[in-house]
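Asker: Have a look at this one before I ask anything.
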DNA sequence: CTCCTAAGTAGACACTGTCAAGAATGTGGA
DNA sequence: TCCACATTCTTGACAGTGTCTACTTAGGAG
């Protein structure tokens, strides 16, 4: 399927470019990734990417969508294999944190306003954000039925939990907190 | 004091460069700030900054130190004018969040590992980080003497509170949460 | 006054993102 | 079958960037 390299028509350059850039993201922060280096890795000229992405930001933005999808999938999988409302929320948060620790540059890209603006998300990003909010909101709604959590405002509690988990992910990713501190700290707050 | 502009000797170019860059930070994210633009604003040649900063990252790093100092000062001031352990911790967190909302680019710079590495902080940054940890640790230590908080692990609780506040600051700064959601969300968790 | 050093300038280089124009390739219609 | 055409990719150019080297100037110590 993949066309012989060297010819004019690559076959699936769009995906190849995203793959190359995703590779670079393992070791390099998004702002330092160069479009020309990505093209070089994909074995095409420095201008080939412009036929698949409007500009550099568009490529990074596409990577952000991929990252957000992976983050969402990690949370959904974690929730599915947990029993009980409290345990499910815990699993969701830990999955979020572990994804950030495992793919720090990708996680940072997803929340970088220069490429993935929260105010005006791309057409592919918006539904992912919505699904994530639904996922968290649903679990919190189940949580507030539990003894000890009854009557809490779902919106406020969701915002607080998201903040805690997001902040912890950020601080661990930056090296301000060790990954092992995540579970005890979470439990210190939520009990 | 300030030397006549146009001559070879500026007088205090180091500070002038930081001021110009800080101005740019009000509207532009750190990775997009160009050293040559900063020099232009300071009215000097594109190479003058190299006599005061080793490279571009060093200038941004110095701005990060300024930002961290301001963030710390905001917290200290808020704590000083609050009564009671719970209220003091609350004030500290809100000051942190409000600083991030008021100076988003500067706040982001302080936590940008490309310029302000958490693992190996600069000589000026390290004591500020230590002072901030002492500030939070001290307030939490006082908090766990209060009824309803007795016996909690200070380290774990500090980490959790920092995470919550930092995450909320981040999400508000990015536009994922409105600033007005901060207080209710904080209170939903801490009661 | 002289000379040294710190603080500025000018010029060059490699690299970047992006625009314009041209060449190769595959495709639908006669 | 053959030929216009749109797509994909290439080459070349331009302005802007960070940083290196070399030169010029100002101010202060002796």
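Chains as they are written, first to last, in the working numbering: chain B, 5 to 195; chain Z, 5 to 195. Glycine residues also receive a C-beta, built at the ideal position from the N, C-alpha and C atoms.
Taking the Cβ atom as the reference point for each residue, do residue 111(B) and residue 71(B) lie within a distance shorter than 8 angstroms?
Answerer: Yes, Cβ-Cβ distance for residue 111(B) and residue 71(B) is below 8 angstroms.
Asker: For residue 117(Z), which option in 19(B), 24(B), 18(B), 35(B) has the closest C-alpha, if you only look at C-alpha atoms?
Answerer: Residue 117(Z) has its Cα closest to that of 35(B), out of 19(B), 24(B), 18(B), 35(B).
Asker: State the Cα-Cα distance for the pair residue 54(B) and residue 123(B), rounded to the nearest angstrom.
Answerer: One C-alpha to the other measures close to 25 angstroms.
Asker: Using the beta-carbon of each residue, which ones in chain B are nearer than 8 angstroms to residue 168(Z)?
Answerer: Neighbours of residue 168(Z) on chain B, chain order: 164, 167, 168, 171, 193.
Asker: Tell me the rounded alpha-carbon separation between residue 187(B) and residue 20(Z).
Answerer: Rounded to the nearest angstrom, the two C-alpha atoms are 46 angstroms apart.
Asker: To the nearest angstrom, how far is the alpha carbon of residue 177(B) from that of residue 169(Z)?
Answerer: Using only the alpha carbons, I get a separation of about 16 angstroms.
Asker: Would you mind telling me which residues of chain B sit closer than 8 angstroms to residue 156(Z), beta carbon to beta carbon, in chain order?
Answerer: The answer, in chain order, is 192.
Asker: Here's the rule I'm using: 16 or more other beta-carbon atoms within 10 Å means buried, otherwise exposed. How should residue 94(B) be labelled?
Answerer: Flag for residue 94(B) reads buried.
Asker: Could you give the first and the last residue of the continuous alpha helix (DSSP H) run that contains residue 188(Z)?
Answerer: Segment 186-193, the alpha helix (DSSP H) holding residue 188(Z).
Asker: Is it right to say residue 155(B) is buried, meaning 16 or more other beta carbons lie within 10 angstroms of its own, or is it exposed?
Answerer: Looking at its Cβ environment, which holds fewer than 16 other Cβ atoms inside 10 Å, residue 155(B) is exposed.
Asker: I'd like the list of long-range same chain contacts for residue 128(B), defined as Cβ closer than 6 angstroms, with 5 residues on each side in sequence excluded.
Answerer: Only 69 meet the Cβ criterion.
Asker: With a threshold of 8 angstroms between beta carbons, is residue 188(B) in contact with chain Z?
Answerer: Yes, residue 188(B) lies at the interface with chain Z (some Cβ there is under 8 angstroms from its Cβ).
Asker: When the Cα of residue 62(Z) is compared with those of 48(Z), 38(Z), 81(Z), which residue comes out closest?
Answerer: The option with the nearest alpha carbon to residue 62(Z) is 38(Z).
Asker: Would you please verify whether the beta carbon of residue 145(B) is less than 8 angstroms from any beta carbon of chain Z?
Answerer: With 8 angstroms as the cut-off, residue 145(B) does not count as an interface residue toward chain Z.
Asker: Between the C-alpha atoms of residue 167(B) and residue 14(Z), what's the straight-line distance to the nearest angstrom?
Answerer: Rounded to the nearest angstrom, the two C-alpha atoms are 46 angstroms apart.
Asker: Hey, how far is the Cα of residue 145(B) from the Cα of residue 109(Z)?
Answerer: Near 35 angstroms, if we compare the C-alpha coordinates of residue 109(Z) and residue 145(B).
Asker: Is there contact here, the segment 75-86 of chain Z with the segment 96-105 of chain Z, by at least three beta-carbon pairs under 8 angstroms?
Answerer: These segments touch.
Asker: How about residue 103(B) and residue 75(B): do their beta carbons lie closer than 8 angstroms?
Answerer: Taking 8 angstroms as the Cβ cut-off, residue 103(B) and residue 75(B) qualify as a contacting pair.
Asker: Just curious, the alpha helix (DSSP H) that residue 37(B) is in, first and last residue?
Answerer: That residue, residue 37(B), is in no alpha helix (DSSP H); it is neither H nor E in DSSP.
Asker: The alpha helix (DSSP H) that contains residue 136(B), what's its start and end?
Answerer: Counting along the chain, the alpha helix (DSSP H) containing residue 136(B) begins and ends at 129-147.
Asker: Along the segment 111-136 of chain Z, what residues have a CB closer than 7 angstroms to any CB found in chain B?
Answerer: Listed in sequence order: 115, 117, 118, 122, 123.
Asker: Within a Cβ cutoff of 7 angstroms, which residues of the same chain sit near residue 158(B), ignoring the five residues on either side of it in sequence?
Answerer: Correct list, in chain order: 141, 144, 145, 148.
Asker: Can you name the residues of chain B whose CB is closer than 7 angstroms to the CB of residue 151(Z)?
Answerer: Chain B residues near residue 151(Z): none, gap ~16 angstroms exceeds 7 angstroms.
Asker: Determine which residues of the segment 17-48 of chain Z have a Cβ less than 8 angstroms from any Cβ of chain B, and write them out in chain order.
Answerer: Taking 8 angstroms as the Cβ-Cβ cut-off against chain B, the residues of the segment 17-48 of chain Z that qualify are 33, 35, 36.
Asker: Within the segment 8-83 of chain B, note down every full alpha helix (DSSP H) run reaching 4 residues or more, in order along the chain.
Answerer: Listed in chain order, they are 17-29, 39-46.
Asker: Do we get a CB-CB distance below 8 angstroms when we pair residue 180(B) with the residues of chain Z?
Answerer: It does: the Cβ of residue 180(B) has a partner Cβ on chain Z nearer than 8 angstroms.
Asker: Give me the subset of the segment 62-75 of chain B whose CB atoms are less than 7 angstroms from a CB atom of chain Z, sorted by chain position.
Answerer: Per Cβ criterion, the list is empty.
Asker: Beta-carbon separation of residue 185(B) and residue 163(Z) under 8 angstroms?
Answerer: Closer than 8 angstroms, so yes.
Asker: Taking 8 angstroms as the threshold (C-beta atoms), are residue 66(Z) and residue 42(Z) in contact?
Answerer: Not closer than 8 angstroms, so no.
Asker: May I ask you to report which of helix, strand or coil DSSP gives residue 166(B)?
Answerer: Helix, per DSSP.
Asker: CA-CA distance, residue 172(Z) and residue 44(Z)?
Answerer: Rounded to the nearest angstrom, the two C-alpha atoms are 36 angstroms apart.
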